[in-house]
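Chains as they are written, first to last, in my numbering: chain A, 955 to 1552; chain B, 668 to 806.
Ideal Cβ placement from N, Cα and C applies to all residues, glycine included.
In what follows, a single structure is set out as structure tokens and then discussed.
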């Protein structure tokens, strides 16, 4: 081979090698698709989700089950009237997600004034833990470390309850001095305290878990909302809704340690599993605020769309879900009530999409609390091994979990699947906007109650009707835009808690009036409230519906509460009544100190 | 007299400062620790944990409750996320987060979460501890 030929050969080899190398770096279809981030991401839609978000759907009466990170809605499970807050069974050890054993969650039904038990393994409502009457609305539930008790707040009655979940035995105490509005509670991780925000006092109320009693109140910022203990139990964090601050309470000294400025309208806390960061939903500033509890300062802020209420965090701290109250303009219209949405944000600081929204999906209802659980906790019963659930239970590692509690109405071979009545007994319809004068009038044999709803209140604030009256409530939304935030698509709600909650739940959309009809056959005092989130002072949008007995005026001590308690009205099939436990039958049977909360 | 008074005042100041600054890590009544498992007594179901990311590492004996779960919280292997493990599979040297509570002179573990040393939270806690920023336990 001559010199030229040798050179040509070298060139040809180099050309071929170069071509091969060039082919290696060719853009693949996957790269073309994923132009921002080339490497596979956790947020790529997986075949199976590693975690599940359970969310209390508010006025849709459901518990929703959403996949993490795919954000696919898996199921909506029928539970009751107005679902608010829940712990998973197991222990409250850890952050807000606790240490679930996969058996149950216990969700507060603000509309029906009860706690509904959802069996996570069957995926159906299994038991109703009825409250003593009149306990009033309990807004939320927090679990003791040993998982045997839940603590409930009677937001509108100014009371607190400690309920033994095995049999529903309950102790109710007053929250002094009246008026009090205990709303979001949390139980300390060491079994000592229960904290609850009290927006009437702008304070956190402190109770001991055992014996269950009021200890003191700790003044915090204006109008406290979410209140949570951190995993180490060193601090408790409080969202000061109207102060735009986070109060950090020193749990050892029971006093405020630091007040941290955060985004406007802070509502709820989601600490990570270490207690290092606390993620706050800030309603007015439309953001997620990240507070570093080592530095005691806000270190980051992520925008959300729009007007966040509750929130949740993945069990591995990699994703955060902002549960937004408004979707203004984001999705197709589906009727007169707009869809709200869940917005998933990447909070892994090493991820290329850190701080970004990775998914946003419309969601049913108006969800309140969300808690996330590793998918491994839910067993695969539909492979034909479902019978083992009753007979053998299941194993989480080498921890044996079974369903052999001695509970009234429960047996190993019979697991109920309750179908709560919800609003089946309610007569509800819409009419063109009614501009009649607000108040109570008698039209023939019907007592007509015209209620005007606005952000944030009702006219009239107090409603009196006579026992036995045929009542027609006409609810008219007179808002043009929500106060403070100016959101235009606000729906107003009307829901009397407890007995009438299952007959009347009105959704006051703009431009027309919502009507509910029922017979006021039980005397008593019933607080009504707005079940459609309408702004930062939505919680304070309250009124009182009195059904006066003949010759008297109803109050919390004058009414047919015993009769209401005897009416186990929440299930349609009488045979299912055996699955109702709690205050109806066991009023105040839980004596102080008879069983420790730890 | 003044001399003695000033000595007493200075002593009290030094003493109180000493108490204030001696606290540099977790205490037995905390309900969560992060650290490395340094010893396992499988018969007695007791693990020894040496804490990390604190000013002064502490070593705690943790008694496992019957209900104590062992679960993978963070991992490099996506298929292992949330996997429950048996006690026999727990190894010394593993980085974990432990939840539980003190009772009757013992610290009762309710959950042991296994951590990925390369996870962002671990890296963050390491970096912050080096910079003198601690979390959760310090006053």
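Exercise. Using DSSP bridges, identify the partner residues of residue 1250 (chain A).
Key: The bridge partners DSSP lists for residue 1250 (chain A) come to none.
Quiz prompt | Alpha carbon of residue 1175 (chain A) to alpha carbon of residue 1020 (chain A), nearest angstrom | solution = For residue 1175 (chain A) and residue 1020 (chain A), the distance between alpha carbons rounds to 34 Å.
Quiz item: Whole alpha helix (DSSP H) runs in the stretch 1395 to 1421 of chain A with 4 or more residues, listed along the chain?
Solution: As far as the stretch 1395 to 1421 of chain A is concerned, it has no whole alpha helix (DSSP H) run of at least 4 residues.
Quiz item: Mind checking if residue 791 (chain B) is an interface residue toward chain A, Cβ cutoff 9 Å exclusive?
Solution: The beta carbon of residue 791 (chain B) falls within 9 Å of a beta carbon belonging to chain A, placing the residue at that interface.
Quiz item: Is residue 689 (chain B) helix, strand or coil by DSSP?
Solution: Caution applies to residue 689 (chain B), whose pLDDT of 46 falls short of 50 and renders its modelled position unreliable; the value that the coordinates give is listed next. The answer is helix: DSSP assigns residue 689 (chain B) an H, G or I state.
Self-check item: Residue burial classification, residue 949 (chain A) (beta-carbon count within 10 angstroms, cutoff 16)
Solution: Residue 949 (chain A) lies beyond the stretch modelled for chain A, which goes from 955 to 1552, so this question has no answer here.
Quiz item: How many angstroms separate the CA atom of residue 1227 (chain A) from the CA atom of residue 1303 (chain A)?
Solution: Those two C-alpha atoms are separated by around 15 Å.
Quiz item: Of all the CB atoms in chain B, is at least one closer than 9 Å to the CB of residue 1198 (chain A)?
Solution: Not one chain B Cβ lies under 9 Å of residue 1198 (chain A).
Quiz item: Helix, strand or coil for residue 1553 (chain A) per DSSP?
Solution: Nothing in the structure corresponds to residue 1553 (chain A), since chain A is present only between 955 and 1552.
Quiz item: Can you name the residues of chain A whose CB is closer than 7 Å to the CB of residue 701 (chain B)?
Solution: Scanning chain A for C-beta atoms nearer than 7 Å to the C-beta of residue 701 (chain B) yields 1228, reported in chain order.
Quiz item: Taking Cβ positions only, does residue 1509 (chain A) come closer than 9 Å to chain B?
Solution: Cβ-Cβ to chain B under 9 Å: no for residue 1509 (chain A).
Exercise. Could you tell me if residue 1081 (chain A) is buried or exposed, where buried requires 16 or more neighbouring beta carbons within 10 angstroms of its beta carbon?
Key: Under this definition residue 1081 (chain A) is a buried residue.
Quiz prompt | Local Cβ density within 10 Å of residue 1298 (chain A), reported as buried at 16 or more and exposed below that | solution = Answer is buried; the Cβ neighbour count reaches 16.
Self-check item: chain A residues whose Cβ lies nearer than 7 Å to that of residue 710 (chain B)
Solution: Chain A residues near residue 710 (chain B): none, gap ~15 Å exceeds 7 Å.
Quiz prompt | Alpha-carbon to alpha-carbon, residue 753 (chain B) and residue 1311 (chain A) | solution = Between the alpha carbons of residue 1311 (chain A) and residue 753 (chain B) lies a distance of about 36 Å.
Quiz prompt | Rounded distance between the beta-carbons of residue 1006 (chain A) and residue 1327 (chain A), thought under 8 Å | solution = Rounded, the Cβ-Cβ distance is 5 Å, consistent with contact.
Quiz item: Residue range of the beta strand (DSSP E) that residue 1106 (chain A) falls in?
Solution: For residue 1106 (chain A), the enclosing beta strand (DSSP E) covers residues 1103 to 1108.
Exercise. Give a yes or no on whether 9 Å exceeds the smallest Cβ distance from residue 726 (chain B) to chain A.
Key: Taking Cβ atoms only, chain A never reaches closer than 9 Å to residue 726 (chain B), which makes this a no.
Quiz item: Would you report the Cα separation of residue 1281 (chain A) and residue 1295 (chain A), rounded to the nearest angstrom?
Solution: Each residue's alpha carbon lies about 6 Å from the other.
Quiz prompt | Classification of residue 1048 (chain A) by the beta-carbon crowding that lies within 10 angstroms, buried from 16 upward | solution = Burial state of residue 1048 (chain A) is buried, judged by a 10 Å Cβ sphere holding 16 or more other Cβ atoms.
Quiz item: For residue 1123 (chain A), which three-state DSSP category applies?
Solution: If DSSP states are grouped into helix, strand and coil, residue 1123 (chain A) belongs with coil.
Practice problem: Could you confirm whether any beta carbon from chain B is found closer than 9 Å to the beta carbon of residue 1099 (chain A)? | Solution: Closer than 9 Å to some Cβ of chain B, the Cβ of residue 1099 (chain A) qualifies, so yes.
Quiz prompt | Best match in A:1103, A:1110, A:1341 for proximity to residue 1119 (chain A) [C-alpha to C-alpha] | solution = Per the Cα distances, A:1103.
Quiz prompt | Range covered by the alpha helix (DSSP H) that runs through residue 1192 (chain A) | solution = From DSSP, residue 1192 (chain A) is part of no alpha helix (DSSP H) but of the beta strand (DSSP E) over 1189 to 1194.
Exercise. Counting only the same chain and skipping the five closest in sequence on each side, list residues whose C-beta sits under 7 Å from that of residue 1411 (chain A).
Key: By the criterion of a C-beta distance shorter than 7 Å, residue 1411 (chain A) is surrounded in its chain by 1495, once the five residues flanking it on both sides are discounted.
Self-check item: Three-pair Cβ contact test at 8 Å for the stretch 741 to 751 of chain B versus the stretch 780 to 790 of chain B
Solution: Judged by Cβ distances under 8 Å, the stretch 741 to 751 of chain B makes contact with the stretch 780 to 790 of chain B, as three or more pairs qualify.
Self-check item: Close-in-space but distant-in-sequence residues of the same chain around residue 773 (chain B) (CB under 7 Å, 5 per side omitted)
Solution: Same-chain partners within the cutoff: 730.
Quiz item: Cβ of residue 730 (chain B) less than 9 Å from any chain E Cβ?
Solution: The structure shown has no chain E; the protein chains it does contain are A and B.
Self-check item: Distance, residue 1068 (chain A) Cα to residue 1129 (chain A) Cα
Solution: Just so you know, the alpha carbons of residue 1129 (chain A) and residue 1068 (chain A) end up roughly 20 Å apart.
Practice problem: Go to residue 729 (chain B), then tell me how far its beta strand (DSSP E) extends in each direction, as first and last residue. | Solution: Here the beta strand (DSSP E) through residue 729 (chain B) covers 726 to 739.
Quiz prompt | Range of the contiguous beta strand (DSSP E) that encloses residue 1448 (chain A) | solution = Membership of residue 1448 (chain A) in the beta strand (DSSP E) is indicated by the continuous run 1446 to 1450.
Practice problem: Name the one or two DSSP bridge partners that residue 748 (chain B) has. | Solution: According to DSSP, residue pairing for residue 748 (chain B) in a beta bridge does not occur.
Quiz item: In this structure, does DSSP put residue 1237 (chain A) in helix, strand or coil?
Solution: The three-state secondary structure of residue 1237 (chain A), taken from DSSP, is coil.
Quiz prompt | Contact set between the stretch 733 to 752 of chain B and chain A, restricted to residues whose Cβ is under 8 Å from the partner | solution = Within the stretch 733 to 752 of chain B, the qualifying residues are 733, 734, 735, 736, 737, 738, 740, 741, 745, 748, 749, 750, 751, 752.
Quiz item: Which of helix, strand or coil does DSSP assign to residue 1042 (chain A)?
Solution: In this structure, residue 1042 (chain A) counts as strand in the three-state DSSP scheme.
Self-check item: Partners in chain A for residue 705 (chain B), counting only beta-carbon separations shorter than 8 Å
Solution: Neighbours of residue 705 (chain B) in chain A, taken as residues whose beta carbon is under 8 Å from its own, are absent, since the nearest beta carbon is some 20 Å off.
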